[in-house]
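J.: Dropping the structure in here first, questions after.
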Amino acid sequence: MKVKNSLRSLKNRHRDCRVVRRKGRVYVINKTQRRYKARQG
Numbered sequence: 001m002k003v004k005n006s007l008r009s010l011k012n013r014h015r016d017c018r019v020v021r022r023k024g025r026v027y028v029i030n031k032t033q034r035r036y037k038a039r040q041g
């Protein structure tokens, strides 16, 4: 999982990427290509 300050570029790496808020943190998750995971902050 990558940790980045801004998830905007990571959201555009794959068309199935979704931005999700969990427990006060912002995540990028991808159900089909699991390697595209990221967390902000």
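Just so you know, we're using full-length UniProt numbering here: the sequence shown kicks off at 1 and counts up by one. For each residue, glycine too, the CB sits at the ideal point set by N, CA and C. These numbers were taken from a predicted model, which means no experiment stands behind them.
1) Does the distance from the C-beta atom of residue 54 to that of M1 stay below 8 Å?
2) For R15, which three-state DSSP category applies?
3) Going by other Cβ atoms of all chains shown within 10 Å of its Cβ, with 16 needed for buried, is V28 buried or exposed?
4) Helix, strand or coil, according to DSSP, for R21 in the structure here?
T.: According to the data block:
1) Nothing in the structure corresponds to residue 54, since the chain is present only between 1 and 41.
2) As a working mapping, residue 15 is identified with position 15 in the sequence shown. Residue state, collapsed to three classes: coil.
3) For this step, residue 28 is matched to residue 28 along the sequence shown. Answer is buried; the Cβ neighbour count reaches 16.
4) Within the sequence shown, the letter at position 21 stands for residue 21. DSSP places R21 in strand when its eight states are reduced to three.
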